[in-house]
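Each residue of the sequence shown is one higher than the last, beginning at 1 in the numbering used here. Beta carbons: idealized from backbone N, C-alpha and C, even for Gly. Worksheet: one structure, shown below.
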Amino acid sequence: MGNSVKKGKVVFADQNKVKSLHLYKAAVGDQCVKMPENRPFNVNEKDLSEQGRKKEKTQVIIQIQEYISSSDVVIFTKTTCENCSKVKSLLDELDVPYLAVEIDKTDPGLILEEELYEYTMETALPNIFVKEKLIGGYDEVIQLSKDGLFQKLLEDKEDKAKEDQYDFDLIVIGGGSGGLAASKEAAKYDKKVLVLDYVTPSPLGTKWGLGGTCVNVGCIPKKLMHQAALLRQALKDSHKYGWQIEDNVQHNWEIMTKSIQNHIHSLNWNYRLSLIENNAEYENGFGEFVEAHKIKSTNSKGRVKYYTAKTFLIATGERPRYLGIPGDKEYCITSDDLFSLPYCPGKTLVVGASYVALECAGFLAGLGLDVTVMVRSILLRGFDQEMANKIGEHMEDHGVKFIKENVPTKIEQIEAGTPGRLKVTSQSADGTKIVEEYNTVLLAIGRDACTRKIGLDIPGVKINEKTGKIPVNDEEQTTVPYIYAIGDVLENKLELTPVAIQAGRLLAQRLYGSSTVKCDYVNVPTTVFTPLEYGACGLSEENAIAKYGEDNIEVYHSFFWPLEWTVPERDSNKCYAKVICHITDNERVVGFHVLSPNAGEITQGFAVAIKCGLTKEQLDYTIGIHPVCAEIFTTLTATKRSGEDVVQGGC
Ligand code: FAD
Ligand code: NA7
């Protein structure tokens with residue numbers, strides 16, 4: 001990297017004296033970049049008062065902004081910096097005209113370098129701006145150039161935009177799973193697209209990069225930590241397979257989190273690249289409506305910009321909910337903090353009993369921690385309850401403790417530390433109090449839609465006042481026709497990454513292509529990554545009964561024992577398969593459920609078949625693959641109604 005920026009060192013006092021503002025013209029011709037207007041600073045150098053310093057700071061910020069907007073490509077450099085020279089040579093080779101601001105040649109007096117650091121948060125030079133957007137430094141430009149993408153940044157749709165009364169065709173608020181998918185797809189139709197993404201730090205200060213919940217604090221780190229826990233089980237199993245591994249193998253939390261975070265950082269960068277590849281603009285700013293067609297974007301330094309668009313898409317997702325009891329925000333963590341926690345959480349209380357809670361409890365216990373789950377009512381509300389209870393039993397068998405029908409009422413710190421010690425007071429419905437000590441309390445009690453602080457009332461978008469969720473029609477259109485919404489903010493829709501992506505992509509195709517295809521929210525497969533994974537597609541048994549009546553459904557089921565688990569002699573008949581068929585509709589499969597290793601891999605394939613109208617007869621005529629877990633679905637004969645014993649003896 002280039003020279004480190006030393007805060008407060010490099011300055012220039014009088015713009016008229018700025019001799020070091022070099023205008024590099026590499027084959028510029030008519031496109032010659034223009035110098036920023038000279039703006040003499042009126043700061044009295046002796047005026048060291050607070051007000052004077054503020055004024056000075058403001059003028060430098062304005063100057064930086066003027067530099068940035070004065071040319072398509074602006075580089076802040078130093079003459080002594082090797083990487084700065086390399087970047088300039090590269091731009092010369094690429095025949096790209098640029099303006100280079102040589103910081104070390106500017107007259108001293110003001111705090112350009114310090115303000116530049118504050119502005120970009122980049123700790124090294126050069127800082128490269130393309131079309132007023134910070135692209136990054138040396139590494140980023142070299143990578144973009146290697147990928148052949150630097151020139152692409154310079155292509156734009158300005159001409160089209162000028163014809164239009166708006167700055168953009170589409171502004172997407174939220175650069176998560178849904179927002180990014182929609183932005184890239186819309187840009188493919190040659191639309192001018194801006195995507196704003198901004199992560200408000202968690203109460204404990206955790207923040208992350210571009211890509212939204214799934215990649216940073218959801219599916220990706222969760223599945224990787226689940227994998228870390230499965231490896232411990234594999235180590236145990238390996239004894240019976242002849243591996244002579246010592247019993248006291250230790251897990252290192254820091255190494256795991258660092259490796260996972262490194263992977264996430266590479267994904268953050270790939271998201272950025274793919275926006276560039278698709279010619280969609282990105283800004284790291286918090287978006288909120290200020291007028292019907294105008295939004296304000298505020299970055300982490302409080303810098304504000306305004307943009308207008310013809311169409312808007314809300315894809316702001318959700319953030320974890322807090323209990324609203326003493327000590328929750330001060331001392332508890334949520335999934336937003338867990339995956340980058342710099343220390344092992346130790347003895348952990350997980351509050352909540354839905355999939356985020358059980359998955360986190362599962363992998364923490366799998367890593368060898370002492371884990372308790374505090375359940376207010378039932379496990380996995382909304383999922384098939386038979387499967388949910390089997391998951392709970394399996395977790396209990398593997399050492400996870402459950403405190404049922406209890407809620408925390410107070411969290412107190414006994415001792416600060418990494419982890420510290422917390423005292424948790426909880427209460428059951430009958431008023432019985434439990435007081436227990438933990439190192440960490442993880443709240444997983446649901447998530448709230450990020451819809452209340454984005455000025456939706458200004459254009460008149462209606463939300464469900466109680467939940468904050470946005471109701472939409474079957475084309476993801478809100479109550480304001482030119483404003484759409486997708487993903488986790490939607491009311492009564494599944495909160496899953498592939499759902500948000502599919503909805504975003506199809507919406508862009510309908511808006512800008514000739515498509516009429518709508519997102520199908522029915523029969524969406526999903527998997528809960530508890531230690532014993534649970535895959536599901538279609539209706540739960542309860543919902544199938546409610547919809548078709550008990551007499552009209554047939555439930556085929558069986559326990560099974562994965563071959564791989566027989567040799568280590570563990571978890572016999574814990575895996576379970578169940579298909580729910582609608583009798584009067586040719587025994588069409590309306591519900592598919594499996595508790596198994598790799599349940600997601602199994603469920604994905606069957607979901608395709610269910611989408612094609614799979615019947616029980618077709619399952620029976622399908623020849624299985626032997627010896628795999630999924631073959632159980634081709635041999636199911638026992639119905640629940642028959643009361644037949646479904647425990648299996650093995651292969
Ligand atoms: P998000 O991905 O949350 O993106 C919204 C983005 O908008 C965020 O980056 C947010 O910071 C940003 N934003 C918010 N407000 C503003 C604003 N005003 N201006 C600018 N930006 C803003 N799904 C699965 O399919 N499989 C899983 O295994 C899975 N596991 C999960 C595990 C956990 C712990 C969690 C919490 C979720 C999991 N999910 C999983 C759900 C999945 O992450 C979400 O369904 C998905 O991310 C929703 O995408 P989205 O685009 O609606 O929102
Ligand atoms: P869910 O699916 O909304 O479930 C919330 C869980 O937390 C559920 O078990 C609730 O119990 C429990 N809960 C809710 N409030 C409390 C309080 N105050 N005290 C104790 N327990 C409580 O949340 P998740 O976090 O698992 O997942 C939300 C979304 O995130 C999911 O759809 C994915 O998109 C990712 P209840 O059953 O209501 O008694």
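If you drop the 5 nearest sequence neighbours on each side, which residues of the same chain put their C-beta closer than 7 Å to that of residue i?
i           : result
residue 475 : 510, 518
residue 261 : 340
Quick one: what's residue i bridged to in DSSP?
i           : result
residue 593 : 536, 578
residue 326 : DSSP output for residue 326 lists no bridge partner at all.
residue 558 : 577
residue 291 : 294
residue 496 : Partner(s): none; residue 496 has no beta bridge.
residue 631 : Per DSSP, none; premise fails for residue 631.
residue 406 : 428
residue 438 : 422
residue 387 : Residue 387 is not bridged to any residue.
residue 318 : 449
residue 484 : 313, 477
residue 529 : Its beta-bridge partners do not exist; DSSP assigns none.
residue 374 : 351, 403
residue 588 : 582, 615
The ligand NA7 heavy atoms versus the CB of residue i: any closer than 7 Å?
i           : result
residue 407 : yes
residue 465 : no
residue 235 : no
Under the three-state reduction of DSSP, which class applies to residue i: helix, strand or coil?
i           : result
residue 489 : helix
residue 334 : strand
residue 122 : coil
residue 69  : helix
residue 131 : coil
residue 509 : helix
residue 200 : coil
residue 169 : strand
residue 477 : strand
residue 553 : strand
residue 470 : strand
residue 264 : helix
Given 7 Å as the limit, tell me if residue i has its C-beta closer than that to any heavy atom belonging to the ligand FAD.
i           : result
residue 629 : no
residue 168 : no
residue 173 : yes
residue 498 : yes
residue 507 : no
residue 363 : no
residue 332 : no
residue 217 : yes
residue 493 : no
residue 199 : yes
residue 316 : yes
residue 537 : no
residue 222 : yes
residue 450 : yes
residue 196 : yes
residue 179 : yes
residue 183 : no
residue 617 : no
residue 291 : no
residue 542 : no
Once the 5 residues before and after residue i are set aside, which same chain residues still bring their CB inside 8 Å of it?
i           : result
residue 415 : 421
residue 377 : 353, 405
residue 272 : 210, 282
residue 451 : 314, 316, 463, 468, 469, 470, 489
residue 30  : Note that residue 30 scores 30 on pLDDT, short of 50, meaning its location in the model is unreliable and no value can be drawn from it.
residue 119 : 61, 64, 301, 303
residue 267 : 211, 215, 220
Between residue i and the rest of its own chain, which residues show a CB-CB distance below 6 Å, the 5 nearest in sequence each way excluded?
i           : result
residue 24  : At residue 24, the pLDDT of 27 sits below 50, so the modelled position is not reliable; the number obtained from the coordinates is stated separately. So the list reads 98, 100, once near-sequence residues are dropped.
residue 279 : 187
residue 42  : Confidence is the limiting factor: at residue 42 the pLDDT is only 39, short of 50, which leaves the residue's position unreliable, though a coordinate-based value still follows. Counting only Cβ-Cβ distances below 6 Å, and skipping sequence neighbours, we find nothing.
residue 37  : Residue placement at residue 37 cannot be trusted, given a pLDDT of 38 that sits under 50; what the coordinates show is reported in the next sentence. Excluding sequence neighbours, residue 37 sits near nothing in its chain.
residue 196 : 173, 283, 285, 287, 297
residue 584 : 552
residue 162 : Low confidence applies to residue 162: its pLDDT is 48, below 50, so where it sits in the model is not reliable enough to give any reading.
For a cutoff of 8 Å on Cβ pairs, would you count residue i as touching chain B?
i           : result
residue 144 : Given the protein chain composition of this structure (a single chain), no chain B is represented.
ask   = So which residues put a beta carbon under 6 Å from any heavy atom of the ligand NA7, going in chain order?
value = Ordered along the chain, residues surrounding the ligand NA7 are 323, 351, 352, 353, 354, 355, 356, 357, 376, 377, 378, 381, 407, 444, 445, 446, 447, 488, 495 [Cβ under 6 Å from any heavy atom].
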